[in-house]
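Here the protein sequences line up with chains A and B, keeping their order. Counting in this note's numbering, the first sequence runs from 1 upward without gaps. Counting in this note's numbering, the second sequence runs from 340 upward without gaps. Comments concern the structure below.
2 protein chains.
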Amino acid sequence: MGNNTTERAVTLKDLARELGIHPSTVSRVLHSDPDSARGAASAATARRIRELAAEVGYSPDPQATSLRTRRTQLLGVIVPRLSDLVLAIMYEGIEEAAAAIGYSAFVTNSHDDVAEQRRQVEIMLARRVDGLIIGDSHLDVDVLPELRDRAVPFVLMNRRHPGFPSSTCDDTRGGELVAEHLWAKGHRRVSVIAGEPYASTAVDRTGGFVDRWHALGGELPDGSIVWSRFDTQGGREAAEKILSARSAPTAIFAVNDFAAIGAMGALRSHGMIVGQDCAVVGYNDTSLAAELPIPLSSVRSPMAEIGRQAVGLLEGVLRGEAVESVRLEPSLQVRESSA
Amino acid sequence: MGNNTTERAVTLKDLARELGIHPSTVSRVLHSDPDSARGAASAATARRIRELAAEVGYSPDPQATSLRTRRTQLLGVIVPRLSDLVLAIMYEGIEEAAAAIGYSAFVTNSHDDVAEQRRQVEIMLARRVDGLIIGDSHLDVDVLPELRDRAVPFVLMNRRHPGFPSSTCDDTRGGELVAEHLWAKGHRRVSVIAGEPYASTAVDRTGGFVDRWHALGGELPDGSIVWSRFDTQGGREAAEKILSARSAPTAIFAVNDFAAIGAMGALRSHGMIVGQDCAVVGYNDTSLAAELPIPLSSVRSPMAEIGRQAVGLLEGVLRGEAVESVRLEPSLQVRESSA
DNA sequence: CTGAAAGCGCTTACAG
DNA sequence: CTGAAAGCGCTTACAG
């Protein structure tokens, strides 16, 4: 009666014995198209098998299956840290898309440490994942060429790297949007809290801003660009550095919402009112941005979709296709912090 | 020379062939204590095996191993959502502790939906995880009794449930700390943004506060307690409801930092200054709290440790021990929002 | 249409 | 000390 016995999971052999047929027939039927039992067994036998399987709640042992098929239906995901909201949301997209095509995902934190990243890759490979989604790629040193040489199937997510397939936001475009917005609002003295120089997200967002700013005729004297950590504390420290210099800017672009929140804190400490004395724009439009005491302008990036697309890309790689990187379009949400 | 061939992973049989011995001997040695080869093979043979294994980078196929041993070394973790920073940090603790004892963890989001929770449990079980860490337990309806009947090894995390082992913060105590603090600061008209009534975290934090408040001689007229979602938007909505009532409170306790941030936004919209016109206290002391423009007082809970302890508890359950729930001690961080 | 065999990579009593 | 066998649960050509 479909009760789940606690003892031992029911096996293919159990089903076969119950029905008085051979296990291979059961296996064949369970793997054939539900409608047409095409050559797997007679329609009658197929029906009996399916009915019994449903009744006892048969679920094949994935370990046994993958030992035979040499595929684990497992995806390995490596991110800097899951406690970074941006990565957590991308992972939700991954999980959803992976489940839809019958894969499960492992996820692990590298803390953006290169040695740890290598270690996590080896752990994933030891677990025999079918492929890897790498969310912590560094622009400088990197394991990527080595992975390619070893023919490990993988794609990048969030951060791109020339020559490797990736699913990212068009971060260059995102930076341009901010430059255009601040310029149009009349700002001429601006600073950028630029993030970590090893991350393409930081480099592209900053680069897009800088290039567009110059194209508009703007200037960015030395000290206008401050590299920083991506978190709130990093943003606060960078803003302190900016505010301690000669003349304060009238606008700050932080390439991450959390860094932007830190900057807002520093501005307040200096007695400045965000949105009046100094505009602030963040990046990613996390759920917090719109709900802050002073709502934060931010570049919206389709985070969950970036995760889903990464799975789609990896699917292609696993099929042996030559896949094209995707760069998803950002949009700017203007709010009180820079209105 | 220890190069990772791309073709096929090296197997036990490969090692045995290379050394001219039987695979079972290799297996025996690789499973015996590295120092004493105690009866597995001669010291000389053992050394040769270990050297070759290290040289070619042998890593056993976990699928094959678990097919034999009937253990997958896999843990299933179910949380409401990983994009909730609190759960993401607990998961980091889980991952760390699990890795330390040779387990890997799957994590999946139930969105606090009871049907989805059941579905995720079945998916985990179909994957043959050795045990489950459940982070989305509901106080009312719940799968827990059924899981116990099915003899599924599991523990709860973050939220507790009477009669089942759990790793949580002592949320009752956390609520008490806030009541004592606000009372000492002279507040007499307070409101609680209480969270979701199905979560023990919300119920215990609120309950601890209410009981202590009454014990101190305080009053909580109807409408002082507002149940809400845990996120920023939920906090804002709850605060709006509180502020639209007759007389505004002089202090608000939100049982979650994100809800507290939403409340801060609502207060500002009403022209009130947080920390002056109305105190706000949150819960969890997430990394954001201290860095906000107006730093937020918050009850610190040892999130990563809660995750680690959950793994320890599950380890006990897997060994068949009767484990005791752990309730970790919170502490209050007072900042400008309620100074 | 269905059965029987082989084998994925491993571990574990059991001999000798 | 070491070998040989059995078997975990499955899938997949191959016969008939």
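Here a beta-carbon is modelled for each residue, glycine too, at the ideal position from N, C-alpha and C. Fair warning: this is a prediction, and the values are worked out from it, not measured in the lab.
Collapsed DSSP secondary structure at residue i in the structure displayed
| i | result |
| --- | --- |
| glutamine 309 (chain A) | helix |
| threonine 250 (chain A) | coil |
| phenylalanine 445 (chain B) | strand |
| threonine 206 (chain A) | helix |
| arginine 148 (chain A) | helix |
| isoleucine 417 (chain B) | strand |
| proline 669 (chain B) | coil |
| serine 228 (chain A) | coil |
| isoleucine 473 (chain B) | strand |
| phenylalanine 597 (chain B) | helix |
| asparagine 3 (chain A) | Confidence in asparagine 3 (chain A) is poor, its pLDDT being 36 and thus under 50, which makes the residue's placement unreliable; the coordinate value appears in the next sentence. Coil at asparagine 3 (chain A), not helix or strand. |
| threonine 371 (chain A) | The structure shown does not extend to residue 371 (chain A), since chain A is modelled only from 1 to 339, so the question has no answer here. |
| serine 64 (chain A) | Reading the sequence as shown, one finds alanine at residue 64 (chain A) and not serine. Three-state DSSP puts alanine 64 (chain A) in a helix. |
| alanine 608 (chain B) | The sequence shown places serine at residue 608 (chain B), not alanine. Three-state result, serine 608 (chain B): helix. |
| alanine 379 (chain B) | coil |
Below-9 Å beta-carbon distance, residue i vs any chain A residue
| i | result |
| --- | --- |
| serine 327 (chain B) | Outside the shown range of chain B (340 to 678) lies residue 327 (chain B), about which nothing can therefore be said. |
| aspartate 475 (chain B) | no |
| glutamate 519 (chain B) | no |
| isoleucine 698 (chain B) | Residue coverage of chain B in this structure runs from 340 to 678, which leaves residue 698 (chain B) outside it and unanswerable. |
| arginine 389 (chain B) | no |
| arginine 528 (chain B) | no |
| glycine 470 (chain B) | no |
| valine 446 (chain B) | yes |
| threonine 411 (chain B) | yes |
| leucine 464 (chain B) | yes |
| glycine 300 (chain B) | Within the shown structure, residues of chain B are numbered from 340 to 678, placing residue 300 (chain B) beyond reach of any answer. |
| leucine 424 (chain B) | yes |
| alanine 355 (chain B) | no |
| alanine 438 (chain B) | yes |
| valine 565 (chain B) | no |
Same chain only: Cβ atoms within 6 Å of residue i, ignoring 5 sequence neighbours per side
| i | result |
| --- | --- |
| isoleucine 388 (chain B) | Val365 and Val368 |
| valine 650 (chain B) | Ile433, Ala436 and Ala437 |
| leucine 606 (chain B) | Val613 and Cys617 |
| aspartate 353 (chain B) | none |
| tryptophan 183 (chain A) | Leu216 |
| threonine 571 (chain B) | Phe597, Ile600 and Gly601 |
| phenylalanine 445 (chain B) | Gly415 |
CB contact below 9 Å: residue i versus chain B
| i | result |
| --- | --- |
| proline 197 (chain A) | no |
| glutamine 309 (chain A) | no |
| glutamine 63 (chain A) | yes |
| tyrosine 91 (chain A) | yes |
| glutamate 315 (chain A) | no |
| arginine 81 (chain A) | yes |
| leucine 67 (chain A) | yes |
| glycine 265 (chain A) | yes |
| alanine 248 (chain A) | no |
| phenylalanine 164 (chain A) | no |
| valine 334 (chain A) | no |
| proline 258 (chain A) | Here the sequence assigns phenylalanine to residue 258 (chain A), which means proline is not the residue at that position. Judged by the 9 Å Cβ criterion, phenylalanine 258 (chain A) is in contact with chain B. |
| valine 274 (chain A) | yes |
Proximal residues to residue i (C-beta, below 7 Å), its chain only, five neighbours per side dropped
| i | result |
| --- | --- |
| glutamine 459 (chain B) | Ile417, Thr447 and Ser449 |
| alanine 533 (chain B) | Ala541, Thr545, Ile564, Val565, Trp566, Ser567 and Val594 |
Proximal chain B residues relative to residue i, where beta-carbon distance stays under 9 Å
| i | result |
| --- | --- |
| threonine 11 (chain A) | The premise fails here: threonine 11 (chain A) is roughly 12 Å from chain B at the closest Cβ pair, so nothing lies under 9 Å. |
| serine 200 (chain A) | Ordered by position in chain B, no residue passes the 9 Å Cβ test against serine 200 (chain A), which lies about 22 Å from the chain. |
Proximal chain A residues relative to residue i, where beta-carbon distance stays under 7 Å
| i | result |
| --- | --- |
| arginine 607 (chain B) | Pro293 |
| arginine 467 (chain B) | Asp61, Pro62 and Gln63 |
Cut-off 8 Å between Cβ atoms - residues of its own chain near residue i, not counting five sequence neighbours on either side
| i | result |
| --- | --- |
| valine 317 (chain A) | Gly131, Pro153, Phe154, Val155, Pro165 and Val323 |
Where residue i meets chain A, residues with beta-carbon distance less than 8 Å
| i | result |
| --- | --- |
| glycine 570 (chain B) | Correcting the residue type first, residue 570 (chain B) is aspartate in the shown sequence and not glycine. Within 8 Å Cβ-Cβ: Ser287. |
| arginine 575 (chain B) | Glu291 |
Cross-chain neighbours of residue i in chain A, by beta carbon under 9 Å
| i | result |
| --- | --- |
| glutamate 434 (chain B) | Leu82, Val107, Thr108 and Asn109 |
Contacts that residue i makes with chain B (C-beta to C-beta distance below 7 Å)
| i | result |
| --- | --- |
| serine 104 (chain A) | Phe445 and Arg466 |
| alanine 88 (chain A) | Leu421, Ser422 and Ala427 |
Any non-hydrogen atom of the ligand COA within 8 Å of residue i CB
| i | result |
| --- | --- |
| methionine 303 (chain A) | With respect to the ligand COA, the structure offers nothing, as it holds no ligand at all. |
(message) Measuring CB atoms only, is the region 38-58 of chain A touching the region 68-85 of chain A, in the sense that at least three cross pairs come out at less than 8 Å?
(response) no
(request) Please confirm if the region 238-251 of chain A is in contact with the region 199-214 of chain A, defined as three or more CB-CB distances below 8 Å between the two stretches. (result) no
(message) Counting beta carbon pairs with one atom in the region 508-515 of chain B and one in the region 538-548 of chain B, are three or more of them shorter than 8 Å?
(response) yes
(request) Check whether the region 278-298 of chain A touches the region 328-338 of chain A, taking contact to mean three or more Cβ pairs, one atom from each stretch, closer than 8 Å. (result) yes
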